[in-house]
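**Q** Chains as they are written, first to last, in our numbering: chain U, 1 to 100; chain Y, 1 to 134. All residues carry an ideal CB built from backbone N, CA and C; glycine is no exception. Take this structure first; my questions come after.
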């Protein structure tokens with residue numbers, strides 16, 4: 001099982017913050033939203049992201065995707081509202097359902 | 001009379017600040033636990049009570065610290081409902097969905113190493129798109 005994250009942060013920001021979360025994931029920097037757009041996950045509504053150097057032209061809609069070993073999407077969870085998203089228990093339940 | 005009014009105004013300002021501050025603390029505690037409720041009406045009502053009382057403090061007349069408290073209550077109390085109002089998000093017409101095969105993509109990781117999606121094949125993967133670290 002691999003964990004991959006995608007955000008619009010600069011690589012150095014991800015590197016700096018990785019320690020804070022203790023994340024073991026492979027973390028990608030998607031400044032120009034190329035990956036986000038390939039998956040069709042760019043937010044089309046009001047963009048309320050960081051300003052200054054960290055500002056990106058848009059942000060992805062927070063989404064979790066469970067992919068099988070052949071690259072097929074088994075499960076997907078998306079936050080229609082960025083202030084509300086699924087907790088870890090939802091993701092863990094999906095892992096149990098699809099991978100056991 | 002004037003002193004009593006100022007006392008009332010100052011109390012209003014300080015109370016507005018306390019109300020907004022308490023609501024902010026609860027809001028961010030829930031946000032941390034990813035537990036902000038679907039229906040946030042009560043939060044918006046409490047946030048907006050702050051600015052209402054803050055403005056009332058100025059109408060009645062307040063001492064300087066009541067004024068400062070009122071201004072903070074007004075600004076914060078208006079800003080958070082604003083973020084609630086713009087928090088809905090929507091993807092374009094054809095996002096990836098269950099059953100699809102993921103597209104090929106190339107990106108760089110946090111060490112600025114090149115990454116290609118080919119390396120994902122062979123084991124299951126959980127991919128998380130998130131807004132940012134800030």
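1) Can you say whether residue 96 of chain U is buried or exposed, counting buried as having 16 or more other CB atoms within 10 angstroms of its CB?
2) Under 7 Å Cβ-Cβ, which residues of chain Y neighbour residue 69 of chain U?
3) Would you report the Cα separation of residue 117 of chain Y and residue 90 of chain U, rounded to the nearest angstrom?
4) I'd like to know whether the C-beta of residue 129 of chain Y is nearer than 9 Å to at least one C-beta of chain U.
5) Could one say the Cβ of residue 57 of chain U lies closer than 9 Å to chain Y's Cβ atoms, at least one of them?
6) Check distances from the C-beta atoms of the region 59 to 92 of chain Y to those of chain U and list, in chain order, the residues that come in under 8 Å.
7) Whole-angstrom Cβ separation of residue 73 of chain Y and residue 54 of chain Y, contact assumed at under 8 Å?
8) Using a C-beta to C-beta distance shorter than 8 Å, which residues of chain U count as neighbours of residue 100 of chain Y?
9) Short check: CB of residue 126 of chain Y to CB of residue 4 of chain U, under 9 Å?
10) In this structure, how does DSSP classify residue 81 of chain U when only helix, strand and coil are distinguished?
11) Measure from the C-beta of residue 40 of chain Y to each C-beta in chain U and report whether the shortest distance is under 9 Å.
12) Between residue 94 of chain Y and chain U, is the shortest Cβ-Cβ distance under 9 Å, so that the two count as touching?
13) Using only alpha-carbon positions, find the residue among Y:47, Y:56 and Y:33 that is nearest to residue 6 of chain Y.
14) Within the chosen definition, does the region 11 to 20 of chain U reach the region 97 to 115 of chain Y through at least 3 CB pairs nearer than 8 Å?
**A** Reading from the atomic positions:
1) exposed
2) 121, 122, 123 and 124
3) 25 Å
4) yes
5) no
6) 83, 84, 86, 87, 88, 89, 90, 91 and 92
7) 4 Å
8) 72 and 73
9) yes
10) strand
11) yes
12) yes
13) Y:56
14) yes
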